[in-house]
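Counting from 1, one number per residue, gives the positions in the sequence shown under full-length UniProt numbering. Glycine is no exception: its CB is placed at the ideal position from the N, C-alpha and C atoms. Here's the structure we're looking at; comments come further down.
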Amino acid sequence: MRLKIHNYTLLLLTLMLLAACSEKLDLRPETSMDTDKALTGEANLRLATSGNYSLLNYFDYVSAYFHLTESPVDNVEATSVFDPGGTRQYGAYSYIHFPTMSNSSGVYSNAYKLIRGVNNVIAAIPDDASPALLQLKGENLFLRAFAYQTLVKVFGRPYLQGNGNNPGVVILDKPTPSLERPAKRNTVKEVYDFIVADLLKAEGLMTIDNNNAFASKYTAQAMLSSLHLNMGNNAKSIEYADKIIGMTSKFTLAQGDAYKSYFSTNHSADKETIFCIKNLDGTGGGFYYYNQSYTVEKFAAVSPPLWNLLNEGTGDLRKNFYKALKTADGTTWNFTTKLIQNPAANPTEKVSSPAIYRLAEMYLNRAEANAKLNNGQLALDDVNTIRRRAGLTGVDLYATDNLRGRSSILQVVLDERRLEFAFEGGQRRDDLLRNNLPMIRTYGKAGQPGSNISVQPTDLRVVYFIPLNETNGVTNTLDQNP
Numbered sequence: 001m002r003l004k005i006h007n008y009t010l011l012l013l014t015l016m017l018l019a020a021c022s023e024k025l026d027l028r029p030e031t032s033m034d035t036d037k038a039l040t041g042e043a044n045l046r047l048a049t050s051g052n053y054s055l056l057n058y059f060d061y062v063s064a065y066f067h068l069t070e071s072p073v074d075n076v077e078a079t080s081v082f083d084p085g086g087t088r089q090y091g092a093y094s095y096i097h098f099p100t101m102s103n104s105s106g107v108y109s110n111a112y113k114l115i116r117g118v119n120n121v122i123a124a125i126p127d128d129a130s131p132a133l134l135q136l137k138g139e140n141l142f143l144r145a146f147a148y149q150t151l152v153k154v155f156g157r158p159y160l161q162g163n164g165n166n167p168g169v170v171i172l173d174k175p176t177p178s179l180e181r182p183a184k185r186n187t188v189k190e191v192y193d194f195i196v197a198d199l200l201k202a203e204g205l206m207t208i209d210n211n212n213a214f215a216s217k218y219t220a221q222a223m224l225s226s227l228h229l230n231m232g233n234n235a236k237s238i239e240y241a242d243k244i245i246g247m248t249s250k251f252t253l254a255q256g257d258a259y260k261s262y263f264s265t266n267h268s269a270d271k272e273t274i275f276c277i278k279n280l281d282g283t284g285g286g287f288y289y290y291n292q293s294y295t296v297e298k299f300a301a302v303s304p305p306l307w308n309l310l311n312e313g314t315g316d317l318r319k320n321f322y323k324a325l326k327t328a329d330g331t332t333w334n335f336t337t338k339l340i341q342n343p344a345a346n347p348t349e350k351v352s353s354p355a356i357y358r359l360a361e362m363y364l365n366r367a368e369a370n371a372k373l374n375n376g377q378l379a380l381d382d383v384n385t386i387r388r389r390a391g392l393t394g395v396d397l398y399a400t401d402n403l404r405g406r407s408s409i410l411q412v413v414l415d416e417r418r419l420e421f422a423f424e425g426g427q428r429r430d431d432l433l434r435n436n437l438p439m440i441r442t443y444g445k446a447g448q449p450g451s452n453i454s455v456q457p458t459d460l461r462v463v464y465f466i467p468l469n470e471t472n473g474v475t476n477t478l479d480q481n482p
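See below:
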């Protein structure tokens with residue numbers, strides 16, 4: 001069900017516009033300084049870049065993005081109609097969308113806030129600057145690519161639908177006055193091409209290897225592998241995955257106990273993580289509402305199909321990333337603990353430092369691309385690498401003559417991706433849309449919106465409305481998604 005809101009009282013519309021204008025005018029992160037100072041000298045440019053990084057950890061940006069991309073898939077089951085976060089998860093889970101939806105509006109406005117911030121830094125650093133400044137420029141190019149990736153996934157159709165010719169989002173590639181409001185959306189293809197160009201340039205500029213909380217040439221390569229997979233450029237996806245996997249002195253898969261505790265760390269120094277959003281203050285911040293507390297009503301539990309998949313193999317270590325808990329009505333559900341730092345010692349902690357890119361994704365990007373290029377044994381080799389790391393052996397591994405009931409090697413890969421990346425920021429949604437597969441829920445409480453439904457990848461509801469203040473003809477006149 002999609003709702004469009006056309007009629008408001010004058011008072012309500014006025015209040016909304018005032019709030020929107022206030023948001024648009026406040027384009028600087030809290031840690032930033034006046035522009036005339038921030039854009040001069042390495043120290044100030046470094047501070048401005050730090051402020052741009054801080055926007056990633058803002059609750060109404062990447063946390064909201066997680067809600068929008070995790071709630072709609074078949075890894076999740078709603079525990080009740082009641083949603084403690086208002087429309088934060090429930091609207092996405094139930095596919096009931098509207099143009100004032102808080103999560104989608106938050107992603108849109110805060111992604112563009114980040115884009116405007118990084119554009120200022122990018123423009124201030126010439127291409128013949130010192131290596132230290134070029135590193136900062138590359139990091140900001142990566143952040144801009146990251147922001148556009150989140151935007152185009154939420155508000156644009158999947159790339160392979162229409163070969164990228166559907167409406168995407170507005171590209172801003174240079175400093176822009178805060179009140180200048182572009183009135184035309186670029187196509188999905190134009191946005192993807194823009195992201196790829198930013199990442200290629202960033203890859204060449206970043207020569208300094210910082211910890212995992214900062215962009216590096218490896219973060220650019222990781223995003224390029226994922227982007228090319230979504231674009232259907234399978235050979236390119238393999239090329240960039242190979243670059244990361246080949247860096248054995250820098251990146252290795254966490255093993256055994258280290259893997260079992262992987263999601264309870266901040267990821268800034270481990271060797272599986274390529275890029276993370278680090279929680280600098282260690283407070284947890286409220287990043288992921290699914291894990292708000294073990295003592296309150298939860299909304300998103302692990303779905304029966306995902307739980308069955310986790311129990312299919314003998315001794316799968318990935319079951320350690322889930323915990324059985326009771327909701328207020330006494331029902332026991334399984335919930336993910338992937339984004340709770342040290343859940344045993346501090347069960348109310350909301351988040352560690354989520355890993356955005358990690359080595360396991362490169363293996364499974366390569367596996368999916370090889371499956372589509374008819375390199376079946378290579379695909380299974382990578383899948384089995386991930387399964388062995390998860391403690392699976394013998395009959396729980398795959399062979400070309402033993403797909404364990406799967407219909408194809410591609411299905412083997414997609415099931416493994418589902419096991420490995422559940423609740424990690426929209427991977428399952430990407431997998432379904434990229435492969436033109438429906439989201440099927442054959443479970444849930446009878447009569448509860450979002451339960452027992454099937455949503456085709458071409459359904460209008462798989463993307464979200466552009467926020468109202470961008471389409472209402474007052475602050476902007478962008479075309480709305482149907």
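### Residue span of the alpha helix (DSSP H) that contains Asn334, given as start and end
Where Asn334 is concerned, there is no enclosing alpha helix (DSSP H), although the beta strand (DSSP E) it sits in stretches over Thr332 to Thr336.
### Query
Taking the beta strand (DSSP E) that Lys323 falls in, what are its first and last residues?
Tyr322 to Lys326
### Query
Skipping 5 residues on each side, what residues in its chain have a beta carbon closer than 7 Å to that of Ile277?
Leu56, Asn57, Val62, Ser353, Pro354 and Ile356
### Message
If I measure Cβ to Cβ from Ile440 and keep anything under 7 Å in the same chain, skipping five residues before and after, which residues do I get?
### Response
Asp74 and Ser454
### Query
According to the neighbour-count rule (16 or more other Cβ atoms, all chains shown, within 10 Å of its Cβ), is Tyr443 buried or exposed?
exposed
### Query
Given a threshold of 16 other Cβ atoms within 10 Å of its Cβ, counted over all protein chains shown, does Gln377 qualify as buried or as exposed?
exposed
### Task
Taking Asn320 as the reference, give the member of Asn311, Leu227 and Ala328 with the closest Cα.
Asn311
### Message
Can you tell me whether Asn402 is helix, strand or coil according to DSSP?
### Response
strand
### Message
Short of 7 Å in beta carbon distance, which residues of its chain neighbour Pro482, apart from the five on each side in sequence? Order them along the chain.
### Response
Leu460
### Query
From which residue to which residue does the beta strand (DSSP E) around Thr273 run?
Thr273 to Cys276
### Query
Per DSSP, what kind of secondary structure is Ser80 in: helix, strand or coil?
coil
#### Entry: Unbroken beta strand (DSSP E) run spanning Tyr192, endpoints
Here Tyr192 belongs to no beta strand (DSSP E); instead the alpha helix (DSSP H) covers Val188 to Leu205.
### Boundaries of the beta strand (DSSP E) in which Arg358 is found, first to last residue
Ala355 to Arg358
### Task
Using three-state DSSP, classify Val73 as helix, strand or coil.
coil
### Query
Helix, strand or coil for Met439 per DSSP?
strand
### Query
Taking Cβ to Cβ, would you say Asp193 is nearer than 7 Å to Leu141?
no
### Query
Which whole-angstrom value is the C-beta distance of Val196 and Leu224, which I expect to be below 8 Å?
7 Å
### Query
Mind checking whether Ala369 and Asn234 have CB atoms under 7 Å apart?
yes
### Query
Terminal residues of the continuous beta strand (DSSP E) containing Val302?
Ala300 to Val302
### Task
Spatial neighbours of Arg28 within its chain, please: CB distance less than 6 Å, with the 5 preceding and 5 following residues excluded, ordered by chain position.
For Arg28, the predicted model reports a pLDDT of 35, less than 50, meaning its position is unreliable and no value from the coordinates is stated.
### Task
Report, in whole angstroms, the separation of the C-beta atoms of Arg406 and Asp415, which I expect to be a contact under 8 Å.
7 Å
### Task
Ignore the nearest five residues each way along the sequence and tell me which others in Asn210's own chain have a CB closer than 7 Å to its CB.
Ser216
### Query
Which word fits Asn472, buried or exposed, when buried means at least 16 other C-beta atoms lie within 10 angstroms of its C-beta?
buried
### Task
Grab the span of the alpha helix (DSSP H) containing Glu239 for me, first residue to last.
Asn234 to Ile245
### Task
Taking Asn384 and Tyr398 to be in contact with their CB atoms under 8 Å, please state how far apart those CB atoms are, rounded to whole angstroms.
6 Å
### Query
Is there contact between the segment 323 to 336 and the segment 230 to 248, where contact requires at least three CB pairs shorter than 8 Å?
no
### Task
Report buried or exposed for residue 485, applying the criterion of at least 16 other Cβ atoms within 10 angstroms of its Cβ.
There is simply no residue 485 to check, as the chain begins at 1 and stops at 482 in what is shown.
### Query
Expressed to the nearest angstrom, what Euclidean distance is found between the alpha-carbon atoms of Ala254 and Thr176?
43 Å
### Task
State whether the segment 100 to 119 contacts the segment 131 to 150, with contact taken as three or more CB pairs (one from each stretch) at a distance under 8 Å.
yes
### Residue span of the alpha helix (DSSP H) that contains Met101, given as start and end
Counting along the chain, Met101 falls outside any alpha helix (DSSP H), and DSSP gives it neither H nor E.
### Query
Is it the case that the Cβ atoms of Asn334 and Val302 are separated by a distance below 7 Å?
yes
### Rounded straight-line distance, which links the Cα of Phe263 to that of Ile340
7 Å
### Query
Does the Cβ of Gly162 have 16 or more other Cβ atoms within 10 Å, making it buried, or fewer, making it exposed?
exposed
### Query
How would you call Asn165, buried or exposed, if buried means at least 16 neighbouring beta carbons within 10 angstroms?
exposed
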